[in-house]
Amino acid sequence: MTNFIFRAPPIIRFGPGAALKVGEEARRLGAKKALLITDAFLASAGVIDPIRQELVAKGLEVAVFSEVNTEPTIDHVAGSLKLQKAQKSDLLVAVGGGSPIDVAKATSFLATNPGVIQDYMGLEKIPHNALPLIAVPTTAGTGSEATATTIITDVAANVKMLIISSRIMPQVALVDPNLTLGMPKGLTAATGLDALTHAIEAYVSKKAQPITDLLALAAIRVLVKNLPVAFHEPGNLEARSQTLLGALQAGLAFSNSSVALVHGMSRPIGALFHVPHGISNAALLGKVMDFSLPGDYARYAEVARAMGLPDLGEDQKTAQSGATRVSQLIAELEVPTLTALGVTKAKLEPVVAKMAEDALASGSPANNPRLATKEEIISLYQACL
Ligand SMILES: [Fe+2]
């Protein structure tokens, strides 16, 4: 029997209208002063207004930090923390894609722990409880509303800092498909493929366990079926709902079984070339799957079957059909290539060795079913252009 730990938010409320339960949940947590963390677009488009109104209606004082304008950085966290100290907020409410939620997680523990964010890189380094966090995702991708992980970019060092701690798990996740209806096609594709990558990597990870297996396969099933529908029919609430469910399931899975080589390699691309996370994952996923299949044909064959593909009699063939299906899906979703985003061979060559070192240092590649050497990671980066 395997030994495992499974962590999840104490409360997950899912479905249309779930976000409007924010006031009720804030009251249940005993909060009086909420800091709402979001991005400038969601603030100006009025997406946060009903959420703010619900908090005010339940008697909370609300401050807003809306300056998360890229993937989350140390500066965003410093700005958010400054406002938290000024307001003496006793609750954080994050509304947005992975970025505002990740900034809120970092703010939540820096509000109650000494030192600087760099002190807490790695696994379970946070000594004191964080402020409670209610996470309200507006994209179907990161699953950050249900993970104990935050990734904050140190721009000066060109490093994406990975912090994993049960203390930053949101206390409440309000997962509302109505909030994802406005996502443009490009964002739907990139975030949805991030979720699919979480699900596949969680299932083939060396740290996979019985509960994450169930969630990862369920996520693969709903994402492969519904992501193309959500992409082609942005107003289809059922497809949006299923895609968001898949992203949540994938988040719960990878937060407990870890991601693997794709994510390990994806972070240095994001840190150095500022490519959105979902797009760098999509660029890597097909080639990294091809490389990794021999490490565990049986699990990759199960991935293919979860995608709805027929069993071809031999795991190796079935597994390969899954990798091919993933590449077709990425093509169907019109994801831009890395080259189109300015990552050329000439720009890659001087930094590719450091990227491979950073990928290995993150620890994620160690969970891959087939271990990659630094030289193999360099070759994979080159092959993905
Ligand atoms: Fe991811």
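Heads up: the sequence shown at position 337 corresponds to 350 in my numbering, and the numbers run straight through without jumps.
Don't be surprised by glycine CBs; every beta carbon is placed ideally from N, CA and C.
Being a predicted model, the structure only gives us computed values, none of them experimental.
Close Cβ partners of residue i (< 7 Å) along its chain, the five nearest in sequence each way excluded
i	result
A161	R20, I177, S178, S179, I181, M182, S268
R383	F304, S305, P307, G308
Q97	L48, T120, A124
D324	R318, T331
E347	A202
T163	D115, K118, A119, I176, I181
Nearest candidate by alpha-carbon position, reference residue i, set the options
i	options	result
A212	P382, A266, L73, P22	A266
M302	D189, K358, V339	V339
L206	N294, L73, A243	N294
N380	K34, E214, R65, I292	E214
F78	L361, I343, V172, S93	S93
H189	P363, A273, A353, P63	The question names His, but residue 189 in the sequence shown is Asp. The residue with the shortest Cα to Cα distance from D189 is P63.
L55	S279, D103, P150, Q329	P150
Beta-carbon proximity list for residue i, same chain, < 8 Å, skipping 5 on both sides
i	result
P22	A148, E158, A159, M182, P183, Q184, V185, A186
K358	Q395, L398
I343	L206, A295, L298, G299
R65	L49, V75, V77
Within 7 Å, strictly: CB atoms of residue i and residue j
i	j	result
T331	A314	yes
V108	T152	no
A208	G259	yes
A263	A296	no
E84	T166	yes
L146	A117	yes
R26	K34	yes
S377	G291	no
V356	I391	no
Distance, residue j Cα to residue i Cα
i	j	result
Q222	A317	19 Å
I139	D115	15 Å
E74	Q100	9 Å
L351	L200	16 Å
H245	E345	10 Å
A229	E389	27 Å
L192	L240	16 Å
N126	H141	6 Å
Close beta carbons around residue i, own chain, < 6 Å, minus the five adjacent residues each side
i	result
Q113	According to the sequence displayed, residue 113 carries Pro and not Gln. So the qualifying residues of the chain are I50, T51, D52, V81, A107.
V168	T86
Y133	I139, I176
P281	M368, D371, A372
task = Identify every run of the alpha helix (DSSP H) within the region 267-313, keeping only runs that are complete inside it and at least 4 residues long; order them along the chain.
result = 274-286, 290-305
inquiry  = To test your reading of the DSSP string, which unbroken alpha helix (DSSP H) runs of 4 or more residues are found completely within the region 314-352?
reply    = As far as the region 314-352 is concerned, its whole alpha helix (DSSP H) runs of at least 4 residues are 328-345.
Inside the region 194-242 only - beta strand (DSSP E) runs reaching at least 3 residues = none
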